[in-house]
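Enquirer: Going by the working numbering, the sequence shown opens with residue 46, and the numbers climb by one from there.
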Amino acid sequence: IPYQVNKANLITRIGELVRDKGIDGIANINDFSDRNGMKISIELKRGAIAKIVLNQLFTKTALQSTFGVINLALVKGRPETLTLKQLIQYFVEHRQEVVTRRTAFDLRKAEERAHILRGLIKAIQNIDEVIKIIKASRNIETAKNALKERFDFSDIQAQAIVDMRLGRLTSLEIEKLEKEL
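#1: Could you tell me the boundaries of the alpha helix (DSSP H) in which Leu117 lies?
#2: Find the nearest neighbour of Ala72 within the set Ile59, Asn184, Leu152, judged by alpha-carbon distance.
#3: Anyone know if the C-beta pair for Leu62 and Lys105 falls short of 8 Å?
#4: Reducing DSSP to helix, strand and coil, say where Ile161 ends up.
#5: Check this for me: beta carbons of Leu152 and Leu222, under 8 Å apart or not?
#6: The alpha helix (DSSP H) spanning Asn73 covers which residue range?
#7: What three-state label does DSSP hand Leu226 in the structure shown?
#8: Starting from Ile46, trace the beta strand (DSSP E) in both directions and tell me its first and last residue.
#9: Does Lys189 pass the burial test, meaning 16 or more other C-beta atoms within 10 Å, or should it be called exposed?
#10: One question on the structure: do Gly70 and Lys90 come within less than 8 Å of each other, judged by their Cβ atoms?
#11: On the DSSP letters alone, give me the boundaries of the beta strand (DSSP E) that Arg123 sits inside.
#12: Ile37 and Val207 look like a contact to me (Cβ under 8 Å); what is the Cβ gap, rounded to whole Å?
#13: Taking only three categories from DSSP, how would you classify Leu108?
#14: Are Ile85 and Asp79 touching if we call contact CB-CB under 8 Å?
#15: Roughly how many angstroms separate the alpha carbons of Thr126 and Phe136, rounded to a whole number?
#16: Count the other CB atoms within 10 Å of the CB of Gln109; is the residue buried (16 or more) or exposed (fewer)?
#17: So what does DSSP say about Ile87, is it helix, strand or coil?
#18: Is Ala203 closer than 8 Å to Lys193 when the C-beta atoms are compared?
#19: To which residues of the same chain is Val120 closer than 7 Å at the C-beta, ignoring the five residues directly before and after it?
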């Protein structure tokens, strides 16, 4: 049934039309609606032509309804009345822009993660020297600077190495990191 048409009122209206002979050919109306969906069954009399009964239902009840629409939308920050084709076109363009920006964001995040992983793999390959540099440093900043100077790490890579627990710097971890990379 159409949007905002009350099912009970529709069934009542069809019943009234059948009783008053406004629609001829309907034998019975059943409501089989439940929580899984809506279903209204209209049984026709023997010899009734379904197409004629359906057309009468459309014209004399709310089984078919029309309503006006004003397709007003913001186009480049200005309100415009659009045709349905333009409305769909602008919507598709908007979705393409959203998907493109989301994909670019995901790519940037993946590239940042890959950059950190390359630094961690390099640190694990030189684990003894990295631990020695970190132990010899007085604070985190000097440790980061020493790692950047010795291994040519970026700030982000050096921070990730300093933040990592010692237990993660094992040969088993290098396989996990390479797999993630």
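Glycine included, every Cβ here is placed at the ideal spot set by N, Cα and C. Bear in mind that the values here come from a model prediction, so they are computed numbers and not experimental data.
Expert: The relevant details are as follows:
#1: For the purposes of this step, residue 117 is taken as the residue at position 72 of the sequence shown. Per DSSP, Leu117 belongs to no alpha helix (DSSP H); it is in the beta strand (DSSP E), 117-120.
#2: Stepping through the sequence shown from its first residue, residue 72 is reached at position 27. The candidate whose alpha carbon is nearest that of Ala72 is Ile59.
#3: Sequence index remark: in the sequence shown, residue 62 carries index 17 (1-based). Sequence index remark: in the sequence shown, residue 105 carries index 60 (1-based). Yes.
#4: One-based indexing of the sequence shown puts residue 161 at position 116. Note: Ile161 maps to helix in three-state DSSP.
#5: If you number the sequence shown from 1, residue 152 lands on position 107. If you number the sequence shown from 1, residue 222 lands on position 177. Against a cut-off of 8 Å, the Cβ pair of Leu222 and Leu152 comes out as no contact.
#6: By 1-based counting over the sequence shown, the position of residue 73 is 28. Bounds of any alpha helix (DSSP H) do not take in Asn73; it lies within the beta strand (DSSP E) bounded by 71-76.
#7: As a position in the sequence shown, residue 226 is number 181, starting the count at 1. Of the three classes helix, strand and coil, the one that applies to Leu226 here is coil, per DSSP.
#8: Sequence index remark: in the sequence shown, residue 46 carries index 1 (1-based). In the DSSP annotation of this structure, Ile46 is not part of any beta strand (DSSP E), being labelled neither H nor E.
#9: Numbered from its first residue, the sequence shown carries residue 189 at position 144. Taking all protein chains shown into account, Lys189 has 16 or more neighbouring C-beta atoms within 10 Å of its C-beta and is therefore buried.
#10: Counted from its first residue, the sequence shown places residue 70 at position 25. Counted from its first residue, the sequence shown places residue 90 at position 45. A contact, by the Cβ cut-off of 8 Å.
#11: By one-based count along the sequence shown, residue 123 stands at place 78. First-last of the beta strand (DSSP E) with Arg123: 123-126.
#12: Here the chain comprises residues numbered 46 to 226, so residue 37 is not present and cannot be evaluated.
#13: What you label residue 108 is simply residue 63 of the sequence shown in a count that begins at 1. In the three-state scheme derived from DSSP, where H, G and I count as helix and E and B as strand, Leu108 is classed as coil.
#14: As a working note, residue 85 is residue 40 in the sequence shown. As a working note, residue 79 is residue 34 in the sequence shown. With respect to Asp79, Ile85 sits apart: the two C-beta atoms are not nearer than 8 Å.
#15: Stepping through the sequence shown from its first residue, residue 126 is reached at position 81. Stepping through the sequence shown from its first residue, residue 136 is reached at position 91. Distance between the alpha carbons of Thr126 and Phe136 is about 14 Å.
#16: For the purposes of this step, residue 109 is identified with residue 64 of the sequence shown, where counting begins at 1. So Gln109 ends up on the exposed side.
#17: Numbered from 1 along the sequence shown, position 42 holds the residue referred to as residue 87. Strand, per DSSP.
#18: The sequence position of residue 193 within the sequence shown is 148, counting from 1. The sequence position of residue 203 within the sequence shown is 158, counting from 1. Going by C-beta atoms, Lys193 is nearer than 8 Å to Ala203.
#19: Mapped onto the sequence shown, residue 120 falls at position 75. If the five residues before and after Val120 are omitted, its C-beta is found closer than 7 Å to the C-beta atoms of Tyr135, all from its own chain and listed in chain order.
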